[in-house]
Amino acid sequence: MFSELLHTIPPTERVVLEAAGEVTAETGINSYAVGGYVRDILLNRPTKDVDIVCIGSGIEFAQNVARKFSPAPHVSVFKNFGTAMFKLGDLEVEFVGARKESYNRNSRKPIVENGTLEDDQQRRDFTINALAISLKKENFGELLDPFDGLQHLEQKIIKTPLDPDITFSDDPLRMMRAIRFATELDFSIESATLNSISVNAARIEIVSGERIITELNKIIMTPQPSTGYKLLFDTGLLKHFFPEMVDLQGAEHIGGYGHKDNFYHTLQVLDNLCRKSDSLWLRWAAILHDIGKPATKRFDKKNGWTFHGHEVVGARMVPGIFRRLKLPMNEQMKFVQKMVLLHLRPIGLNRDEITDSAIRRLLFDAGNDIHDLMKLCEADITTKNAAKMKRFLENFEIVRRKLSEVEEKDRVQNFQPPVSGEEIMRYFNLPPSKPVGVIKDAIKEAILDGEITNNYEEAFQFMLKKAEEIGVRKRE
Ligand code: CTP
Numbered sequence: 001m002f003s004e005l006l007h008t009i010p011p012t013e014r015v016v017l018e019a020a021g022e023v024t025a026e027t028g029i030n031s032y033a034v035g036g037y038v039r040d041i042l043l044n045r046p047t048k049d050v051d052i053v054c055i056g057s058g059i060e061f062a063q064n065v066a067r068k069f070s071p072a073p074h075v076s077v078f079k080n081f082g083t084a085m086f087k088l089g090d091l092e093v094e095f096v097g098a099r100k101e102s103y104n105r106n107s108r109k110p111i112v113e114n115g116t117l118e119d120d121q122q123r124r125d126f127t128i129n130a131l132a133i134s135l136k137k138e139n140f141g142e143l144l145d146p147f148d149g150l151q152h153l154e155q156k157i158i159k160t161p162l163d164p165d166i167t168f169s170d171d172p173l174r175m176m177r178a179i180r181f182a183t184e185l186d187f188s189i190e191s192a193t194l195n196s197i198s199v200n201a202a203r204i205e206i207v208s209g210e211r212i213i214t215e216l217n218k219i220i221m222t223p224q225p226s227t228g229y230k231l232l233f234d235t236g237l238l239k240h241f242f243p244e245m246v247d248l249q250g251a252e253h254i255g256g257y258g259h260k261d262n263f264y265h266t267l268q269v270l271d272n273l274c275r276k277s278d279s280l281w282l283r284w285a286a287i288l289h290d291i292g293k294p295a296t297k298r299f300d301k302k303n304g305w306t307f308h309g310h311e312v313v314g315a316r317m318v319p320g321i322f323r324r325l326k327l328p329m330n331e332q333m334k335f336v337q338k339m340v341l342l343h344l345r346p347i348g349l350n351r352d353e354i355t356d357s358a359i360r361r362l363l364f365d366a367g368n369d370i371h372d373l374m375k376l377c378e379a380d381i382t383t384k385n386a387a388k389m390k391r392f393l394e395n396f397e398i399v400r401r402k403l404s405e406v407e408e409k410d411r412v413q414n415f416q417p418p419v420s421g422e423e424i425m426r427y428f429n430l431p432p433s434k435p436v437g438v439i440k441d442a443i444k445e446a447i448l449d450g451e452i453t454n455n456y457e458e459a460f461q462f463m464l465k466k467a468e469e470i471g472v473r474k475r476e
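FYI, my numbering numbers position 56 of the sequence shown as 56, with every residue one higher than the one before it.
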């Protein structure tokens, strides 16, 4: 089975493996393709980088392999890590000498001890990532699989090659990688490995935020991130880096009144959204849309449970969460914040409230992001009550139809009031002052309310009328 798969390796990768084989024949230094690269060939997934391990200096070996090509690619050397890499077109080829200690490319520890192939394989994270392909002439293409990685690929199992406590203490990020691979590949985590994650969860605290968020975002980009989030929650990892999300969990009941569990609701919204959008940031908006609920939760006999203003409180929490999780503090954060703030607006419109004016205001506030907001809002409908679901979806259709009607008529999405503050100042010969703002706002409101249409002439006439009303005269 495996030799057949070897033929599926694209020619660009094959020439690299053959060149490494030639260097092995010339120098007597054995070399192997390893790790995720081999896993992805076996899974028939597109491969990205080629990783080659040799039993000697990875840096010298890389230089020898690079010389086999003309022109020879530039070799970048990372002395501290004992690694070297070169690029051939889009392909990145990385070389490392086999080592006795943990294979952790993010560790700052310099590499000291050389090892055998088996040493190298057993210090890797999972059996499915510890497979090697020999590049020696005599057995080129032979699969070297001391930990049954091939069998685990077939059984869809994530398992550490050594005692999981050892593998995870070598690099605690691997606990998240286990969950990421399980979610991405739809595998299950073998019970001792899973148990060890629960036992060692607190050790994630020593891992940098940047490495954690890389794995979390990979989980979020899978088709069904709830699987990963549930594992993060159940193993106790999540609370160490994302306590706000954990706070969503739980459904309280008082005197016959209950509210839904907002953690599982959020995950359902996230999965729903993933069927509609590949945008990482819209997915983050789904994760954070109800994040203000625990802080705004109230109970009284008259109204039962309420979460008034949770969208405002949630939007305010976004920058702090982004900063701590090492997510970018730029327009992407602002986008997520805006989505959280507006997430109730489309669904909040009752059938009779879906007026042109309400729609225009929604368009004005959401701007270009209106379609993303609609996707989020639709994903947020998780009711199990069929009649309610039908009503929500029908209302949504009306909102969508009206949105496109109003947009076509008034072009509010990128709306800038047609008479600017500068023009008001120039016309009345006013310095920057309160009346300028009052007139400008009044024009905007009149357009949004449908009192005047969105064009220069009507806005100008309205400006004159409003100025007179508040006693502003043209100053000579
Ligand atoms: N590895 C490890 N422990 C880590 C990171 C990586 O043992 N904390 C080993 C694994 O053998 C892994 C290989 O290094 O297969 C390459 O790592 P990386 O490129 O980060 O991941 P891949 O497994 O290739 O997966 P992906 O490309 O999907 O991230």
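By construction, the Cβ of each residue, glycine as well, lies at the ideal position given by its N, Cα and C atoms.
Just so it is clear, the structure is predicted and the values come from calculations on it, not from any experiment.
Practice task
Using 7 angstroms as the cut-off, classify the Cβ of D51 as near or not near the heavy atoms of the ligand CTP, replying yes or no.
Solution key: Start at 1 with the first residue of the sequence shown, and residue 51 comes out as number 51. The answer is yes for D51.
Exercise for the section: To the nearest angstrom, report how far apart A467 and H371 are at their CA atoms. Expected result: Locating residue 467 in the sequence shown gives position 467, counting from the first residue. Locating residue 371 in the sequence shown gives position 371, counting from the first residue. Approximately 37 angstroms, taken between the alpha carbons.
Exercise for the section: Answer yes or no: do I254 and F181 have a C-beta to C-beta separation smaller than 8 angstroms? Expected result: Taking the sequence shown and counting its residues from 1, one reaches residue 254 at position 254. Taking the sequence shown and counting its residues from 1, one reaches residue 181 at position 181. Taking 8 angstroms as the Cβ cut-off, I254 and F181 do not qualify as a contacting pair.
Problem - Near the ligand CTP: N129 beta-carbon under 7 angstroms from a heavy atom - result: Counting from one through the sequence shown, the residue named residue 129 turns up at place 129. Checking every heavy atom of the ligand CTP against the Cβ of N129, one is found closer than 7 angstroms.
Exercise for the section: With DSSP collapsed to three states, give me the class of E190. Expected result: Stepping through the sequence shown from its first residue, residue 190 is reached at position 190. Note: E190 maps to coil in three-state DSSP.
Handout entry: For L341 and T127, the rounded distance between their alpha carbons
Key = Translated into positions along the sequence shown, residue 127 becomes position 127. Translated into positions along the sequence shown, residue 341 becomes position 341. Straight-line Cα distance between these residues: approximately 45 angstroms.
Problem - Among A62, G82, T214 and Q63, nearest to P482 - alpha-carbon criterion - result: Residue 482 lies beyond the range of the chain shown here (1 to 476); nothing can be said about it.
Problem - Expected contact under 8 angstroms - CB spacing of A192 and P164 to nearest Å - result: Taking the sequence shown and counting its residues from 1, one reaches residue 192 at position 192. Taking the sequence shown and counting its residues from 1, one reaches residue 164 at position 164. Right, the Cβ-Cβ distance comes to about 6 angstroms (below 8 angstroms), so this counts as a contact.
Practice task
Determine the direct distance from the alpha carbon of V269 to that of E405, and round the result to whole angstroms.
Solution key: On the sequence shown, residue 405 is found 405 positions in, with the first residue counted as 1. On the sequence shown, residue 269 is found 269 positions in, with the first residue counted as 1. Cα to Cα, the separation comes out at about 28 angstroms.
Handout entry: CA-to-CA distance, G421 to Y456, given in whole angstroms
Key = Translated into positions along the sequence shown, residue 456 becomes position 456. Translated into positions along the sequence shown, residue 421 becomes position 421. Rounded to the nearest angstrom, the two C-alpha atoms are 13 angstroms apart.
Problem - Residue range of the unbroken beta strand (DSSP E) whose run includes L88 - result: For this step, residue 88 is matched to residue 88 along the sequence shown. Where L88 is concerned, the enclosing beta strand (DSSP E) stretches over T83 to L88.
Practice task
Answer yes or no: the CB of K159 versus the heavy atoms of the ligand CTP, is any distance below 7 angstroms?
Solution key: Position 159 of the sequence shown, counting from 1, holds the residue named residue 159. Outside the cutoff, so no.
Handout entry: Check whether A98 and T116 have beta carbons under 8 angstroms apart
Key = Working through the sequence shown from its first residue, we reach residue 98 at position 98. Working through the sequence shown from its first residue, we reach residue 116 at position 116. Their beta carbons are under 8 angstroms apart, which means A98 touches T116 by this criterion.
Problem - Sequence-distant residues of its chain with Cβ nearer than 6 angstroms to K474 (five each side left out) - result: Along the sequence shown, one-based indexing puts residue 474 at 474. Around K474: F428.
Exercise for the section: Report whether the distance from the Cβ of K48 to the nearest heavy atom of the ligand CTP is below 7 angstroms. Expected result: Start at 1 with the first residue of the sequence shown, and residue 48 comes out as number 48. The answer is yes for K48.
Handout entry: Presumed contact (8 angstroms Cβ cut-off) between L538 and V436, rounded CB distance
Key = The requested residue 538 is not part of the displayed model; the chain covers only 1 to 476.
Exercise for the section: Go ahead and pull the three-state DSSP assignment for V53. Expected result: The residue given as residue 53 occupies position 53 in the sequence shown. The answer is strand: DSSP assigns V53 an E or B state.
Handout entry: Inter-stretch contact (C-beta, 8 angstroms, three-pair minimum) for the segment 331-341 and the segment 362-382
Key = yes
Practice task
With a threshold of 16 other CB atoms inside 10 Å of the CB of E26, please say whether the residue is buried or exposed.
Solution key: For the purposes of this step, residue 26 is identified with residue 26 of the sequence shown, where counting begins at 1. Label assigned to E26: exposed.
Exercise for the section: Compare the beta carbon distance of P161 and R124 with 8 angstroms and say whether it is the shorter of the two. Expected result: By 1-based counting over the sequence shown, the position of residue 161 is 161. By 1-based counting over the sequence shown, the position of residue 124 is 124. For P161 and R124, yes; Cβs fall inside 8 angstroms.
Practice task
Kindly examine the ligand CTP and report whether one of its heavy atoms sits closer than 7 angstroms to the Cβ of L552.
Solution key: This structure does not reach residue 552, given that the chain is present from 1 up to 476, and the question cannot be answered.
Problem - Proximal residues to M1 (C-beta, below 8 angstroms), its chain only, five neighbours per side dropped - result: Counted from its first residue, the sequence shown places residue 1 at position 1. Confidence at M1 is low in this model, with a pLDDT of 47, below 50, so the placement of that residue should be treated as unreliable; the coordinate-derived value is given next. Closer than 8 angstroms at the Cβ level, and outside the excluded window around M1, lies no residue.
Handout entry: Assumed close pair F86, A62 - CB separation to whole angstroms, cut-off 8 angstroms
Key = Translated into the one-based positions of the sequence shown, residue 86 becomes position 86. Translated into the one-based positions of the sequence shown, residue 62 becomes position 62. F86 to A62, Cβ: 7 angstroms. Contact.
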